[in-house]
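First comes the structure, then the notes that go with it.
Quick look at the structure:
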């Protein structure tokens, strides 16, 4: 089934404007947004390409979820309240069944986070999704990568590594039972951005980032931006029972350099540990303390015996990795 | 030459943050933007795909110019002041020569319009550019498609059709002398978004749109959004001497359904004609009055003898057109 571009937009992506942040939504040259007084706007843009960020086999509903989730995760990492997003979509063809499922997945997650689709673009082309999200935080209160201070504790939300484990199964390097595979596949395909936690950590956390490229690389961005170093206990990184049943080398690969986790790494002064736990509990999110910020540059990974690990892991880089 | 993703961003796209609208630019999970009090934010997102929106032969400098220009044109159509933009870029490979030229073209146009690159994304993939622009206009003063009223006059800026004429030469259906081709090719590859004119028309124009898909289709969007019709004198549509030297049928195709013009179509009450001319003169932009808004729905195109033209033209649609 083939649809014209404007029909496609109207039929699947246009809904009545009802969000307080959106004065004029889809249908004009620009969307018109209303900033709230005293707030800064937090904006992030991510592009997802078939075969690189997602497999061609993924269901459109899950693909939509993930494309929006990875962007919401950037808002979460800054402690922002989601307001509006823009979707640019290149499709090989205007397929109504695909679009309907995609829109269903997209709006389910958008509605769960109170963010409005305010505009975008559709075109023919190799499958490509670019989402730009916009959120708000009180001026000066956004969580940045640059705020970590010596003595701060390092925390991570949820569990790391299941998405990478699922990818390895897809690649055929690992095998799991059907039930286990379904669970780790969900971590890979429908991650839960930690939006509520990010907001709850405003005024508590000193720095934050979301884990998209892998723990080591992403924590490295915080250390570099803050001009500090860190020691992290590798075995303290939280992981699912499924991952914990795998060989230790695979556990380490998945937790330390897995990527696609969309959990938050954040730092907080040691005397705010109780506030961190209270914030996490209020969001029904687990958080785990995994290390400490230090003055000496670089990241030191320690094993359970307190010996330093030299793993040679590096962060996932889209141009250098296979 | 192959570069890592982060190196590439640092080397070519990261510049010191110096724009008043940008509190934190490239390098964190989100950019942090400062809205000005009393302003609404105007946001538009456009995706450009190789082979559809631009030819694979285009120089990277011109490609960058065009990608940003088509987005600035959306801000112009709303009368917005450009503030910040986000670039998501999928590249088959990280080519330093290409990126350097692309960045040069991008920042030349950005600086000319005082808009800051505040963030974005780079990834490997089939060549695809997604730019999201953000501008400001005083609350309630954005120019919308829906404001045209019966009796308003219809205006267009600059000249229409050269970009389409250039495309036809590239397609091999037309031939031009070298000098003429260079001129129309510039219209196609490095259009000038009417940003100053759009701002100058705030409070004067009743509705506006930019010509991206073709005059007939784009004016049609205004008519539909405003619930009105129009009569337009087809031969009054402004065109270059080069296009005027072509057969009438080609002139009509290029001016009425050409696309890629990035001029503004706007409407204004008849008693504001002098204000329109003064605004245009202040921006050193030509404007031409070409028709009138009427109550009867639909667009009536008249020839120079006052006879109705039935051309069967329709707006360019990315999924239905060849």
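Protein chains in written order, with the working numbering: chain F, 913 to 1234; chain A, 913 to 1234. No residue lacks a Cβ here, since even glycine has one placed at the ideal position from N, Cα and C.
Assuming the contact rule is C-beta atoms closer than 8 Å, residue i and residue j should be a hit. Round their C-beta distance to whole Å, please.
i: residue 1000 of chain A; j: residue 957 of chain F; result: 5 Å
i: residue 1204 of chain F; j: residue 1066 of chain F; result: 6 Å
i: residue 1062 of chain F; j: residue 1207 of chain F; result: 5 Å
i: residue 1200 of chain A; j: residue 1150 of chain A; result: 4 Å
i: residue 1176 of chain F; j: residue 1081 of chain F; result: The Cβ separation is near 25 Å, so there is no contact.
I'd like the span of the beta strand (DSSP E) that includes residue i, first residue to last.
i: residue 1201 of chain A; result: 1199-1206
i: residue 1068 of chain A; result: 1065-1069
i: residue 1145 of chain F; result: 1141-1145
i: residue 1120 of chain F; result: 1119-1122
i: residue 1033 of chain F; result: 1028-1036
i: residue 1210 of chain A; result: 1210-1214
i: residue 995 of chain A; result: 993-1003
i: residue 1180 of chain F; result: 1176-1180
So what does DSSP say about residue i, is it helix, strand or coil?
i: residue 967 of chain F; result: coil
i: residue 962 of chain A; result: strand
i: residue 1133 of chain F; result: helix
i: residue 1153 of chain A; result: helix
i: residue 988 of chain F; result: helix
i: residue 1047 of chain F; result: strand
i: residue 931 of chain A; result: coil
i: residue 944 of chain A; result: strand
i: residue 957 of chain A; result: strand
i: residue 1062 of chain A; result: coil
i: residue 1246 of chain A; result: Because chain A is modelled from 913 through 1234, residue 1246 of chain A falls outside the range shown and cannot be assessed.
i: residue 920 of chain A; result: helix
i: residue 1077 of chain A; result: helix
i: residue 975 of chain F; result: helix
i: residue 1041 of chain F; result: strand
i: residue 1232 of chain A; result: Low confidence applies here, because residue 1232 of chain A scores a pLDDT of 40, under 50, leaving its location unreliable and the question unanswered by this model.
Count the other CB atoms within 10 Å of the CB of residue i; is the residue buried (16 or more) or exposed (fewer)?
i: residue 1005 of chain A; result: exposed
i: residue 1183 of chain F; result: exposed
i: residue 1105 of chain F; result: buried
i: residue 985 of chain A; result: buried
i: residue 1131 of chain A; result: buried
i: residue 963 of chain A; result: exposed
i: residue 1220 of chain F; result: exposed
i: residue 1002 of chain A; result: buried
i: residue 1089 of chain A; result: exposed
i: residue 1129 of chain A; result: buried
i: residue 1084 of chain A; result: exposed
i: residue 1091 of chain A; result: exposed
i: residue 1165 of chain F; result: buried
i: residue 1209 of chain A; result: exposed
i: residue 1017 of chain F; result: buried
i: residue 969 of chain F; result: exposed
i: residue 920 of chain F; result: buried
i: residue 949 of chain F; result: exposed
i: residue 1047 of chain A; result: buried
i: residue 1213 of chain F; result: buried
i: residue 1218 of chain F; result: exposed
i: residue 1223 of chain F; result: exposed
Between which two residues does the alpha helix (DSSP H) containing residue i stretch?
i: residue 1014 of chain F; result: 1008-1024
i: residue 1166 of chain A; result: 1160-1169
i: residue 1091 of chain F; result: 1090-1101
i: residue 1109 of chain F; result: 1107-1112
i: residue 1222 of chain A; result: Where residue 1222 of chain A is concerned, there is no enclosing alpha helix (DSSP H), given that its DSSP letter is neither H nor E.
i: residue 1189 of chain F; result: 1185-1194
Practice prompt. Examine the Cβ distances between the region 1152-1159 of chain A and the region 1035-1042 of chain A and report whether three or more of them are shorter than 8 Å.
Written response: Pairwise C-beta distances place the region 1152-1159 of chain A out of contact with the region 1035-1042 of chain A, as fewer than three of them are shorter than 8 Å.
Worksheet item: Hey, is the region 1027-1038 of chain A in contact with the region 950-965 of chain F, meaning 3+ C-beta pairs nearer than 8 Å?
Response: Contact holds: three or more Cβ-Cβ distances are below 8 Å.
Worksheet entry | the region 1006-1026 of chain A / the region 1062-1079 of chain A touching (three or more Cβ pairs under 8 Å) | No, the region 1006-1026 of chain A is not in contact with the region 1062-1079 of chain A.
Worksheet entry | Contact between the region 1009-1016 of chain A and the region 924-934 of chain F (3+ Cβ pairs under 8 Å) | Of all C-beta pairs linking the region 1009-1016 of chain A to the region 924-934 of chain F, fewer than three are shorter than 8 Å, placing the two stretches out of contact.
Worksheet entry | Three-pair Cβ contact test at 8 Å for the region 1191-1202 of chain A versus the region 1085-1102 of chain A | Contact between the region 1191-1202 of chain A and the region 1085-1102 of chain A is not established, with fewer than three Cβ pairs separated by less than 8 Å.
Discussion item. For the structure I just gave you, are there three or more beta carbon pairs, one from the region 965-981 of chain F and one from the region 939-946 of chain F, closer than 8 Å?
Written reply: Because the criterion of three Cβ pairs below 8 Å is not met, the region 965-981 of chain F and the region 939-946 of chain F do not touch.
Worksheet item: Looking at C-beta atoms only, is the number of pairs between the region 1055-1062 of chain F and the region 1137-1157 of chain F that lie closer than 8 Å three or more?
Response: Touching, yes, given that three or more Cβ pairs across the two stretches are closer than 8 Å.
Worksheet item: When the Cβ atoms of the region 965-978 of chain A are set against those of the region 988-995 of chain A, are three or more pairs found closer than 8 Å?
Response: Contact check between the region 965-978 of chain A and the region 988-995 of chain A: fewer than three CB pairs, one atom from each, fall below 8 Å, which does not count as touching.
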